[in-house]
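Engineer:
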Amino acid sequence: MTAATYDLIIEQGATLQQTFYWTDSAGAAVNLTGYTAQMMVKANYADSGAVALLTLTSAGGTIVLTAGTGKIDLLVPPATTQALTFTKAIYDLELTSAGGVVTRLVQGNVFLSKEVTR
Numbered sequence: 005m006t007a008a009t010y011d012l013i014i015e016q017g018a019t020l021q022q023t024f025y026w027t028d029s030a031g032a033a034v035n036l037t038g039y040t041a042q043m044m045v046k047a048n049y050a051d052s053g054a055v056a057l058l059t060l061t062s063a064g065g066t067i068v069l070t071a072g073t074g075k076i077d078l079l080v081p082p083a084t085t086q087a088l089t090f091t092k093a094i095y096d097l098e099l100t101s102a103g104g105v106v107t108r109l110v111q112g113n114v115f116l117s118k119e120v121t122r
């Protein structure tokens with residue numbers, strides 16, 4: 005499976021709520037039981053060893069997996085988005101099965117819409 009490409013816009017100082025659905029080739033929801041998820045935002049692809057600008061995980065509660073529906077929710081609080089300072093970055097979202105199979109589900113650019121009201 006090739007990762008889908010989707011560009012994200014994060015509004016600085018606002019709660020980020022983004023939902024993705026993972027479906028199979030027939031359009032049926034993938035059962036996410038036993039899966040974990042991780043998403044990283046970095047300045048560019050060459051930053052493979054660099055510290056991420058933003059890291060979300062299912063273990064940390066910033067990614068919520070709904071097992072039977074294939075639903076993946078990104079939930080980032082406003083205090084976290086307010087601390088972001090980049091203008092444009094890149095990300096990918098990977099899911100790991102209980103058996104250790106890693107699937108990159110989605111990837112793309114991330115744009116930060118700067119906050120005016122503080």
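Be aware that the sequence shown starts at 5, since it is given in this note's numbering, and climbs by one per residue. Beta carbons: idealized from backbone N, C-alpha and C, even for Gly.
Could you check what DSSP says for A33 in three-state terms: helix, strand or coil?
Structural biologist: A33: strand per DSSP, three-state reduction.
Engineer: Using 10 angstroms around the beta-carbon of Y25, count the other beta-carbons present and answer buried if the total reaches 16, otherwise exposed.
Structural biologist: When all chains shown are included, Y25 counts as exposed.
Engineer: Within 10 angstroms of its Cβ, does Y95 collect 16 or more other Cβ (buried), or is it exposed?
Structural biologist: Under this definition Y95 is a buried residue.
Engineer: Classify K118 as buried or exposed, calling it buried when 16 or more other Cβ atoms lie within 10 Å of its own Cβ.
Structural biologist: K118 should be labelled exposed.
Engineer: In the structure shown, what three-state DSSP assignment does Q16 receive?
Structural biologist: Here Q16 sits in coil by DSSP.
Engineer: Is DSSP giving G112 helix, strand or coil here?
Structural biologist: Strand at G112.
Engineer: Measure the Cβ-Cβ separation of A11 and G112 and say whether it is below 8 Å.
Structural biologist: Note that residue 11 is Asp in the sequence shown, not Ala. Contact flag set, yes.
Engineer: Quick check: what's the CA-CA separation for R122 versus G17?
Structural biologist: Their backbone Cα atoms lie some 8 Å apart in a straight line.
Engineer: May I have a chain-ordered list of the alpha helix (DSSP H) segments no shorter than 4 residues that lie completely inside the segment 58-102?
Structural biologist: Segments of the alpha helix (DSSP H) lying fully in the segment 58-102: 82-86.
Engineer: Could you have a look at M5 and say whether DSSP puts it in helix, strand or coil?
Structural biologist: Residue state, collapsed to three classes: coil.
Engineer: From L88 to I67, what distance separates their C-alpha atoms?
Structural biologist: Answer to the nearest angstrom: the Cα atoms are 18 Å apart.
Engineer: Between the Cα of V34 and the Cα atoms of T73, T100, G65, Q22, which residue gives the shortest distance?
Structural biologist: Residue T73 is the option with its Cα nearest to V34.
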